Amino acid sequence: MRNKLILPFLSILILFQASCFPLHSGSTYDRGEMGQPQSFTKGVIISVRDVTIKGTESGVGVAAGAAAGGLAGSQIGDDSTTSLIGAIGGAVVGGLVGAKAEEVVMQDSAVEFLVQPDVGEPFAFVQVNEEELKAGERVLIINSDKMRIVRDRSAVN
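Per the working numbering, residue 362 is the first one in the sequence shown, and the count goes up by one each step.
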């Protein structure tokens, strides 16, 4: 019985661990970006609005829910036919619940910025607003593998 609980437990653990990873922000860099030159330009934030980042659908929630539901459903009844029907029904319901749980756990909040570079066309960009940037603020638009915007703290604007 203990071995049957390992897969659902590990799947749920992986799902919740994945929800702890930070979203893209102006101050989060990948290890490979260290020491790499990055171009930047200056600009101004035109508009800021809160947005919701949709949760992922990796299948971990479905797998964990189906395994847990199947295990729980198999405990129904006192003969093999009833246990099989319970396991199938439990797996289906558990999979649906697990999929929704994964989506909710992985959902997060971010901010959409409309930015007008000093040179070039305006653009929209989504990241976490750790610096609490506001419309009208001067920003640096940093380009590498990922774009990011940060408050312009330079002496020359």
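Think of the CB as a built atom: it goes at the ideal place given N, C-alpha and C, for glycine as much as any other residue. Note that this is a predicted model, so its numbers are computed, not measured.
### Query
Hey, residue 407 and residue 471: beta-carbon distance below 7 Å or not?
The count along the sequence shown starts at 1 and reaches residue 407 at position 46. The count along the sequence shown starts at 1 and reaches residue 471 at position 110. The answer is no: Cβ separation not under 7 Å.
### Query
How do the region 477 to 492 and the region 447 to 467 stand: do at least 3 beta-carbon pairs fall below 8 Å, yes or no?
no
### Query
Straight-line CA distance for residue 402 to residue 457?
Stepping through the sequence shown from its first residue, residue 402 is reached at position 41. Stepping through the sequence shown from its first residue, residue 457 is reached at position 96. Roughly 46 Å separates the two Cα atoms.
### Query
What span of residues does the alpha helix (DSSP H) with residue 429 cover, start to end?
For the purposes of this step, residue 429 is identified with residue 68 of the sequence shown, where counting begins at 1. Taken as a continuous stretch (DSSP letters only), the alpha helix (DSSP H) holding residue 429 covers 421 to 434.
### Task
Could you spell out where the beta strand (DSSP E) holding residue 400 opens and where it closes?
What you label residue 400 is simply residue 39 of the sequence shown in a count that begins at 1. Its beta strand (DSSP E) spans residues 400 to 414.
### Task
Identify whether residue 494 lies in helix, strand or coil by the three-state DSSP scheme.
For the purposes of this step, residue 494 is identified with residue 133 of the sequence shown, where counting begins at 1. Reduced to three states, the DSSP call for residue 494 is coil.
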